[in-house]
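Protein chains in written order, with UniProt numbering: chain A, 1 to 355; chain B, 1 to 355.
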């Protein structure tokens with residue numbers, strides 16, 4: 001697919017959560033239709049997509065049928081099984097490509113890749129057994145954090161090590177999975193850059209946002225981030241470097257720690273990112289449309305920001321605040337239509353315009 | 001339905017064109033699902049709605065099934081057959097209600113209603129036959145315009161009378177339908193007010209926009225309209241008067257002619273309105289969300305405007321300009337995904353933010 005996707009074209013999206021939902025809406029603005037593939041029944045994205053396939057990631061026939069019905073494939077989360085991608089790849093273009101996925105699916109590969117670009121990361125060591133862990137703790141010191149190499153998100157698959165007594169329980173928590181120990185970085189702020197790269201190699205970045213996490217889950221993103229001019233341009237250049245190195249097509253989220261000396265890459269996400277939701281009410285073109293434009297082979301949009309915004313996630317019972325939020329001036333409410341409220345579950349978010 | 005519609009609730013929309021499409025997207029932001037009812041196959045709104053019923057307006061069984069699957073019913077166009085509404089009304093709440101529909105479905109009833117509120121309209125006379133027409137032309141003078149009382153939109157069902165020679169052809173063009181002759185109003189601008197009323201009677205209006213029509217079709221809306229403070233507040237008060245008189249729930253479009261002495265009501269549309277599309281990029285809460293909020297029994301949103309905007313419709317071959325528009329700074333492109341380009345067909349619109 002070298003030409004831009006024509007009006008009425010179909011974008012296949014792997015994963016039907018809130019990100020797929022908002023991607024579908026953005027695709028509709030550009031005259032496209034979406035087909036969601038998700039193993040769970042009634043995915044939130046299904047409410048705003050023309051087609052939904054409900055089938056396991058291993059269902060060879062369903063995957064082939066899905067591919068036959070779409071023009072291009074993208075995804076809303078990075079932990080798609082390799083076998084699924086192997087099956088889809090010869091059938092339709094997958095954007096962003098396999099390289100970005102393989103890098104971001106494995107925390108060790110990701111850190112080695114970032115270092116290979118001359119970027120800074122937290123100190124780390126691979127851990128494949130209890131002996132590795134003891135050696136890694138010696139090397140990096142405590143506190144440190146042990147993480148599974150694969151399939152972690154929102155603080156899951158992680159164990160903090162503050163004292164020697166935490167070492168064995170941390171290893172046990174990995175349940176035998178390959179892991180990586182990360183040293184702590186002392187930082188003043190967490191920021192993220194949401195950047196996009198188009199099929200022709202053009203790059204566009206949104207203004208960096210400043211993130212507040214609670215219990216491993218993003219609570220709030222504020223734009224503009226408190227950065228000086230040098231840090232702001234460094235953050236964007238660094239994101240562009242990653243995009244170019246991966247020959248990337250689509251939107252990428254880059255989480256960074258800000259220290260007095262440097263910007264340290266925490267992690268990258270090869271997809272639209274929770275910390276980019278503010279763009280829905282702060283920009284003419286939001287991150288979801290930017291991603292769809294890239295995936296469809298359209299020119300990237302103008303990511304200029306017209307307002308200061310605070311994005312706040314609505315997690316679990318936060319949903320009870322919606323009636324009040326709906327009445328609040330300068331607040332835009334975005335709900336995901338999830339059938340069940342659960343503690344720690346992202347139910348929606350609000351963007352508050354700061355005048 | 002006196003309480004607000006709960007998360008996951010289903011809004012039934014009669015009509016699946018671009019207005020239904022953008023209503024569906026707005027409903028998804030508030031955690032609702034939509035079910036579109038439209039006689040034509042593959043309606044544009046179907047791309048972003050969870051369910052679509054394709055059936056004629058006369059299909060009693062399909063209508064009953066549709067009603068059983070939704071919590072509340074709204075519509076994207078006013079020319080819904082009376083029998084359809086008669087069937088649906090006892091089954092589910094219809095918002096806005098029958099009164100607004102019956103007033104706006106008939107140009108004569110509409111003008112009489114507006115006059116009864118003390119509002120100004122163009123001079124008019126009912127025309128039920130050639131003799132009526134001759135008498136009405138005598139009374140109102142020429143030029144004048146003959147319109148069918150019912151089912152007209154985008155300049156259809158209209159014939160202009162400039163000289164006596166136009167009278168008979170104008171009558172013939174009505175094909176025997178009851179009509180209304182309207183005198184011309186000499187105005188400086190055409191503006192419209194997009195206003196909403198909630199279930200509790202609260203009213204909110206967006207800033208009036210100034211419209212440019214070409215060949216009976218809206219070409220452009222600019223906000224702010226060139227109005228003095230008095231005209232601006234009069235326009236909004238007048239819209240509120242109409243909303244209250246109709247005990248209205250939802251968004252209403254009011255088209256006005258501006259003369260040195262007065263605001264003259266051209267017509268009202270009991271639905272979201274093409275001249276309100278600018279709100280998508282000029283406000284935190286757009287007209288589509290405002291309508292869904294009202295229909296769902298939620299509080300109305302803050303309609304404050306954060307930017308000056310020019311909305312331009314993309315009609316027929318204007319679609320060829322999309323590649324260039326996608327590259328233009330401060331332009332947001334909205335396409336409707338219609339399968340076929342036809343002359344005079346609205347294919348999309350763009351909102352240009354003016355800085």
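Glycine residues also receive a C-beta, built at the ideal position from the N, C-alpha and C atoms.
Where the alpha helix (DSSP H) containing residue i begins and where it ends
| i | result |
| --- | --- |
| residue 250 (chain A) | Run containing residue 250 (chain A): none in the alpha helix (DSSP H); it sits in the beta strand (DSSP E), 250–258. |
| residue 334 (chain B) | No alpha helix (DSSP H) contains residue 334 (chain B), which is instead part of the beta strand (DSSP E) from 331–335. |
| residue 238 (chain B) | 229–245 |
| residue 362 (chain B) | There is no way to answer for residue 362 (chain B), as the model of chain B reaches only from 1 to 355. |
| residue 173 (chain B) | 167–173 |
Chain A contact residues for residue i, given Cβ-Cβ distances below 9 Å
| i | result |
| --- | --- |
| residue 18 (chain B) | Those do not exist, as residue 18 (chain B) stays about 10 Å from chain A at its closest Cβ, beyond 9 Å. |
Buried versus exposed call for residue i [16 or more other C-beta atoms within 10 Å across all chains shown]
| i | result |
| --- | --- |
| residue 61 (chain A) | exposed |
| residue 323 (chain A) | exposed |
| residue 7 (chain B) | buried |
| residue 36 (chain B) | buried |
| residue 261 (chain A) | exposed |
| residue 188 (chain A) | exposed |
| residue 274 (chain B) | buried |
| residue 182 (chain A) | buried |
| residue 105 (chain B) | buried |
| residue 194 (chain A) | buried |
| residue 228 (chain B) | exposed |
| residue 197 (chain B) | buried |
| residue 280 (chain B) | buried |
| residue 329 (chain B) | exposed |
| residue 98 (chain A) | exposed |
Closer than 7 Å at the beta carbon, the chain B residues around residue i
| i | result |
| --- | --- |
| residue 47 (chain A) | 28, 33, 50 |
| residue 281 (chain A) | 284 |
Chain A residues whose Cβ lies nearer than 7 Å to that of residue i
| i | result |
| --- | --- |
| residue 336 (chain B) | 31 |
| residue 361 (chain B) | Nothing about residue 361 (chain B) can be read from this structure; chain B reaches only from 1 to 355. |
| residue 8 (chain B) | 337, 339 |
| residue 217 (chain B) | Within chain A, no residue comes near residue 217 (chain B); the closest Cβ sits about 20 Å away, beyond 7 Å. |
Cβ shell of residue i (< 8 Å), same chain only, five flanking positions each side left out
| i | result |
| --- | --- |
| residue 347 (chain A) | 314, 315, 316, 318, 319, 335, 336, 338, 341 |
| residue 65 (chain A) | 53 |
| residue 259 (chain B) | 185, 186, 187, 188 |
| residue 110 (chain B) | 103, 104, 267, 268 |
| residue 79 (chain A) | 105, 150, 151, 153 |
| residue 91 (chain A) | 64, 67, 68 |
Same chain only: Cβ atoms within 6 Å of residue i, ignoring 5 sequence neighbours per side
| i | result |
| --- | --- |
| residue 33 (chain B) | 10, 50 |
| residue 45 (chain B) | 16, 20, 21, 24, 36 |
| residue 312 (chain A) | 220, 350 |
| residue 117 (chain B) | 241, 245 |
| residue 298 (chain B) | 4 |
| residue 177 (chain B) | 148 |
| residue 55 (chain B) | 62 |
Per-residue contacts from residue i into chain B (C-beta, under 8 Å)
| i | result |
| --- | --- |
| residue 285 (chain A) | 332 |
| residue 192 (chain A) | The premise fails here: residue 192 (chain A) is roughly 23 Å from chain B at the closest Cβ pair, so nothing lies under 8 Å. |
Spatial neighbours of residue i in its chain, beta-carbon cut-off 7 Å, leaving aside the 5 residues before and after
| i | result |
| --- | --- |
| residue 75 (chain B) | 13, 14, 15, 271 |
| residue 31 (chain B) | 7, 8 |
| residue 302 (chain B) | 284, 285 |
| residue 209 (chain B) | 191, 192, 221, 222, 223, 225, 275, 278 |
First and last residue of the uninterrupted beta strand (DSSP E) at residue i
| i | result |
| --- | --- |
| residue 210 (chain A) | 209–214 |
| residue 349 (chain B) | 346–354 |
| residue 281 (chain B) | Here residue 281 (chain B) belongs to no beta strand (DSSP E); instead the alpha helix (DSSP H) covers 279–282. |
| residue 220 (chain B) | 217–223 |
| residue 190 (chain A) | 189–197 |
| residue 182 (chain B) | 179–183 |
| residue 269 (chain B) | 263–269 |
| residue 103 (chain B) | Taken as a continuous stretch (DSSP letters only), residue 103 (chain B) belongs to no beta strand (DSSP E), being part of the alpha helix (DSSP H) at 98–104. |
| residue 203 (chain B) | 203–205 |
Contact with chain E by residue i, beta-carbon distance below 8 Å
| i | result |
| --- | --- |
| residue 56 (chain B) | The chain inventory of the structure shown lacks chain E, comprising the protein chains A and B. |
Amino acids of chain B, ordered along the chain, whose beta-carbon sits closer than 9 Å to that of residue i
| i | result |
| --- | --- |
| residue 40 (chain A) | The contacting residues do not exist; residue 40 (chain A) stays about 15 Å from chain B at best. |
| residue 299 (chain A) | 323, 326, 327 |
| residue 21 (chain A) | 28 |
| residue 306 (chain A) | 306, 307, 330, 353, 355 |
Interface partners of residue i on chain A, CB under 8 Å
| i | result |
| --- | --- |
| residue 24 (chain B) | 48 |
| residue 417 (chain B) | Given that chain B is displayed from residue 1 to residue 355, the structure contains no residue 417 (chain B) and the question cannot be resolved. |
Completely contained alpha helix (DSSP H) runs for the region 13–84 of chain A, where each covers 4 or more residues = 18–29, 60–68
Only counting runs of 4 or more residues, tell me where the alpha helix (DSSP H) segments fall wholly within the region 107–162 of chain B, in order along the chain.
-> 107–116, 130–140
Which whole runs of the beta strand (DSSP E) in the region 280–315 of chain B are 3 residues long or more, in chain order?
-> 308–315
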